[in-house]
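J.: Below: one structure in structure tokens.
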Amino acid sequence: DQSGMAYSVGVTLDRFIKLKQSDFPFASGELSQLLRDIALAAKIVNRETNRAGLANIGGAFGQINVQGEEQQKLDVIANIRFMRALSKGGEVCAIVSEEEDAVIDLQNNSGKYVVAIDPLDGSSNIDVNISIGTIFSIYRRKTPIGSPIQEEDIMQPGSEQVAAGYVLYGSSTMLVYTTGFGVNGFTYEASLGEFFLSHPNIQAPEDGKIYSINEGLEKHWSLGVKEYIDFCKSKGYSARYIGSLVADFHRNLLKGGIYLYPGTQKNPSGKLRLLYEANALAFIAEQAGAKATDGSQRILEIQPTSLHQRTPLFIGSDTMVDEVLRLIAKSN
Ligand code: AHG
Ligand code: MN
Ligand code: MN
Ligand code: MN
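Numbering (full-length UniProt numbering), first residue to last: 9 to 340.
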């Protein structure tokens, strides 16, 4: 494959997907079509987020989701937009969404892909105009096309992903994704309605000087995590925590850094969800030469047992993740 080849910056996402389709000689274009469907939904959600304050779609929707969180209107809107795009595209047979209690079976027997999605990541930042995101994972269904969806189609470890990506609705809107042949970033030009390749073949710096963690939970950290944060402070590293995983992850991927959401006594599995947050970013991280672990194993090795299960997450530059793993192991 030519993932090492730096494609000419400025190629559109559609053209890039077509060019890269050669990575899958046997693909009949369904994955390409699915990626295009996701990009379309991202353009629509981008427009909604940009006018949230004006179109009275800010604030709470008035329902509690399966996470026990108060859904924001934009959580619900983004969920609807992505579900609609994924079902209309015809390539998807089932969807797992943060905002849906149960698996959505699209009753589409020809669809061969399963998508896990966090339609709107960083909801607490919607009303205060801070970057938010979307996170998605794509799997091939395991059971034969045409048969009913089974648990094994849904409960797949992250290592089975065929593609993963995120959208970052920030100072500019970006789509970053991998199909297992490297990581590429596209920046949206709204006046043309196109994503253009802006960050070809992203490689995460081996080490970094930025750490992202909610220090408000410090008294609940394990000894290993505490020692690691003390280490970062002793080195004078920068603390950067946005409250939107996608934004923190993206900055650390480009500049070098580590994001930590550890488990605590009260919540041993931490807060972040395996199927539609940790797995996608872990796939991207590893494709960019970085690391993602739950503190004892690679995120991508975790065999899911429930849709909305949470996992501790330590993700970012290789050297930094190795160091926190060493301190966790030492203090166990
Ligand atoms: P979501 O908005 O999709 O529920 O995810 C929020 C996540 C993640 O984006 C962010 O880094 C983290 O929650 C912040 O959690 P705390 O407020 O507990 O630090
Ligand atoms: Mn949420
Ligand atoms: Mn999220
Ligand atoms: Mn969310």
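All residues carry an ideal CB built from backbone N, CA and C; glycine is no exception.
Would you call the region 246–255 and the region 197–215 in contact, with 3 or more CB pairs under 8 Å?
T.: No, they do not touch.
J.: Leaving aside the five residues before and after Lys-279 along the sequence, list all residues of the same chain whose C-beta is less than 8 Å from its C-beta, in chain order.
T.: Sequence index remark: in the sequence shown, residue 279 carries index 271 (1-based). Excluding positions up to five away in sequence, the list reads Tyr-269 and Arg-318.
J.: Taking only three categories from DSSP, how would you classify Phe-69?
T.: Start at 1 with the first residue of the sequence shown, and residue 69 comes out as number 61. Phe-69: strand per DSSP, three-state reduction.
J.: Could I get the ranges of all uninterrupted beta strand (DSSP E) runs contained in the region 133–217, with 3 residues as the minimum, in chain order?
T.: Segments of the beta strand (DSSP E) lying fully in the region 133–217: 140–148, 171–177, 181–186, 191–197 and 202–207.
J.: Nearer than 7 Å: is that true of the beta carbon of Ser-139 relative to any heavy atom of ligand 5?
T.: Among the ligands in the structure shown, ligand 5 does not appear; only ligand 1, ligand 2, ligand 3 and ligand 4 can be found there.
J.: Are the Cβ atoms of Ser-167 and Tyr-284 separated by less than 8 Å?
T.: Locating residue 167 in the sequence shown gives position 159, counting from the first residue. Locating residue 284 in the sequence shown gives position 276, counting from the first residue. The answer is no: Cβ separation not under 8 Å.
J.: Below 7 Å, is the gap between the Cβ of Lys-263 and the nearest heavy atom of ligand 1?
T.: Residue 263 sits at position 255 when you count from the first residue of the sequence shown. No - ligand 1 has no heavy atom lying nearer than 7 Å to the Cβ of Lys-263.
J.: On the DSSP bridge assignment, give the partners of Val-100 in chain order.
T.: To locate residue 100, count along the sequence shown from 1; it is residue 92. Its beta-bridge partners are Tyr-121.
J.: Can you find the residues in the same chain that come closer than 6 Å, C-beta to C-beta, to Ala-290, ignoring five residues on each side of it along the sequence?
T.: The count along the sequence shown starts at 1 and reaches residue 290 at position 282. Excluding positions up to five away in sequence, the list reads Gly-166, Ala-300, Ile-307 and Leu-308.
J.: Could you check what DSSP says for Gly-232 in three-state terms: helix, strand or coil?
T.: By one-based count along the sequence shown, residue 232 stands at place 224. If DSSP states are grouped into helix, strand and coil, Gly-232 belongs with the helices.
J.: Between the beta-carbon of Gly-324 and the beta-carbon of Tyr-267, is there less than 8 Å?
T.: Locating residue 324 in the sequence shown gives position 316, counting from the first residue. Locating residue 267 in the sequence shown gives position 259, counting from the first residue. Yes.
J.: Give every residue of the same chain whose Cβ lies closer than 7 Å to the Cβ of Gly-12, excluding the five residues on either side of it in the sequence, and list them in chain order.
T.: Working through the sequence shown from its first residue, we reach residue 12 at position 4. With a pLDDT of 46 at Gly-12, under the threshold of 50, the modelled position of that residue is not reliable, and the figure given next carries that caveat. Contacts found: Asn-209.
J.: Rounded to whole angstroms, what is the Cα-Cα separation between Thr-57 and Ala-172?
T.: As a working note, residue 57 is residue 49 in the sequence shown. As a working note, residue 172 is residue 164 in the sequence shown. Taking the straight line from one Cα to the other gives about 22 Å.
J.: Tell me Ala-300's beta-bridge partners as DSSP assigns them.
T.: Against the sequence shown, residue 300 aligns to sequence position 292. In DSSP, Ala-300 forms a bridge with Ile-323.
J.: I'd like the list of long-range same chain contacts for Ala-93, defined as Cβ closer than 6 Å, with 5 residues on each side in sequence excluded.
T.: Translated into the one-based positions of the sequence shown, residue 93 becomes position 85. The answer, listed in chain order, is Asp-45, Leu-48 and Ala-49.
J.: Fully enclosed by the region 231–279, which beta strand (DSSP E) runs are 3 residues long or longer?
T.: DSSP runs (the beta strand (DSSP E)) wholly in the region 231–279: 266–269.
J.: Given the structure, does Leu-94 come close to ligand 3, in the sense that its CB is under 7 Å from one of the ligand's heavy atoms?
T.: Looking up residue 94 in the sequence shown gives position 86. Every heavy atom of ligand 3 is 7 Å or more from the Cβ of Leu-94, so no.
J.: Are the Cβ atoms of Lys-81 and Gly-66 separated by less than 8 Å?
T.: Residue mapping note: residue 81 aligns to position 73 of the sequence shown, counting from 1. Residue mapping note: residue 66 aligns to position 58 of the sequence shown, counting from 1. Yes, the Cβ-Cβ distance between Lys-81 and Gly-66 is below 8 Å.
J.: So, Val-122 versus His-316, is the Cβ gap smaller than 8 Å?
T.: Within the sequence shown, residue 122 is the residue found at index 114, counting from 1. Within the sequence shown, residue 316 is the residue found at index 308, counting from 1. Not a contact, by the Cβ cut-off of 8 Å.
J.: Arg-55 to Leu-282, Cα distance in whole Å?
T.: Within the sequence shown, residue 55 is the residue found at index 47, counting from 1. Within the sequence shown, residue 282 is the residue found at index 274, counting from 1. Approximately 28 Å, taken between the alpha carbons.
J.: What's the C-alpha gap between Lys-217 and Cys-240?
T.: Locating residue 217 in the sequence shown gives position 209, counting from the first residue. Locating residue 240 in the sequence shown gives position 232, counting from the first residue. Lys-217 and Cys-240: Cα-Cα distance of roughly 8 Å.
J.: Give the straight-line distance between the Cα atoms of Gln-41 and Met-163, rounded to the nearest whole angstrom.
T.: Residue numbering aside, residue 41 sits at position 33 when the sequence shown is read from its first letter. Residue numbering aside, residue 163 sits at position 155 when the sequence shown is read from its first letter. Each residue's alpha carbon lies about 24 Å from the other.
J.: Taking only three categories from DSSP, how would you classify Ser-314?
T.: For the purposes of this step, residue 314 is identified with residue 306 of the sequence shown, where counting begins at 1. Residue state, collapsed to three classes: coil.
J.: Given the structure, does Ser-131 come close to ligand 2, in the sense that its CB is under 7 Å from one of the ligand's heavy atoms?
T.: Start at 1 with the first residue of the sequence shown, and residue 131 comes out as number 123. The answer is yes for Ser-131.
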